[in-house]
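Under mature numbering (1 follows the signal peptide of the UniProt record, and there is no 0), the residues of the sequence shown are numbered -24 to -1, 1 to 211, in order. Beneath this line is the structure, given in structure tokens, with notes to follow.
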Amino acid sequence: LHLASSSCYLFFLLSFTKPDGSECSEFALSGSNVSLQIANLPEGYSSLAWFYTVDQKIVEWELGDCKYFDTKFKDRARLDLQSGALHIQKVKKEDESTYILKVNGDTRNEKNWKIMLTVLDPVPKPIIKIQKMQEVNNSCYLMLSCVIQDQHVNYTWYQESGLFPKELQSSVLEITLVPQNYSKFYSCQVSNPVSSQKDTIYFTSFCQPALSSGIAWTAPWLVIMVTTVLSLLWT
């Protein structure tokens, strides 16, 4: 292997704490900087090495000599000599892996730690759509969908009075309202471990959404009318 550098740098520290021998998970936002670190690094160790895979070494420190290997992390990864943390700049999706830290003590006994790094893109802004809204017998049936391309997210719905119950937290919100408990707005927040976005729909009165709330809603009668017009044009 060719050495990419011969010096180590001290970078800012983002804590990551796990005991010896355990396997942990770390999440990072695509394009951000991340630090992989263990707690209680053994004192007086004789060597330390970070691996991207079991056989791809990123950096190695041994008896005062720090060596960086010619990998895809060239110029992006630095070892913190004080804490043993591995700092990676501008992480990418392809940086996802189970990283391994190997430390040899004075007695040459080796200790290993594993950190599984997952790199996630920021969630896009969702759009609330009214799938169905029907007022019957002084009640309002409302079905709202929170539309987003990335399906690997958590959904959180809330209204003027606070969060909805856990059993209602999904991509679709179905509720039946009465004039006494209607809310002036309904919000959907989508999130992953590193980012979140939300959209809000506003109501001017009971079962009456505000036209300026930016909602995406197509009335059923409009769909029928447009379909009929298009059919006439092609006949």
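Glycine included, each C-beta is placed from N, C-alpha and C at the ideal position. Because the structure is a prediction, the values reported are computed rather than measured.
Three-state class that DSSP yields for residue i in the structure shown
i: Asp126; result: coil
i: Asp71; result: helix
i: Leu144; result: helix
i: Ser(-18); result: Bear in mind that a pLDDT of 33 at Ser(-18), under 50, signals an unreliable position, so the number given afterwards is only what the model happens to contain. Coil, per DSSP.
i: Val10; result: strand
i: Leu(-11); result: Since pLDDT at Leu(-11) reaches only 35, below the 50 mark, its modelled position is unreliable, and the value read off the structure follows with that caveat. Three-state DSSP puts Leu(-11) in coil, outside helix and strand.
i: Ser115; result: strand
i: Gly190; result: Reliability of the predicted coordinates at Gly190 is poor, the pLDDT of 47 falling under 50, and the value obtained from them is presented with this limitation in mind. Reduced to three states, the DSSP call for Gly190 is coil.
Residue j beta carbon less than 8 angstroms from that of residue i
i: Pro102; j: Val10; result: no
i: Gln184; j: Phe161; result: no
i: Ser6; j: Thr94; result: no
i: Trp37; j: Leu77; result: no
i: Cys116; j: Leu149; result: no
i: Pro18; j: Lys90; result: no
Bridge partner(s) assigned by DSSP for residue i
i: Asn168; result: Ser171
i: Gly138; result: Gln135
i: Cys183; result: None, per the DSSP bridge assignment.
i: residue 275; result: In the structure as shown, the chain starts at -24 and stops at 211, and residue 275 therefore has no counterpart that could be examined.
i: Phe161; result: Tyr178
i: Ser121; result: Lys105, Val148
Segment limits, beta strand (DSSP E) that includes residue i
i: Ser1; result: -2 to 5
i: Ala53; result: 53 to 55
i: Glu19; result: No beta strand (DSSP E) holds Glu19; DSSP gives it neither H nor E.
i: Phe45; result: 41 to 45
i: Gln107; result: 103 to 112
i: Gln32; result: 32 to 38
i: Asn88; result: 86 to 96
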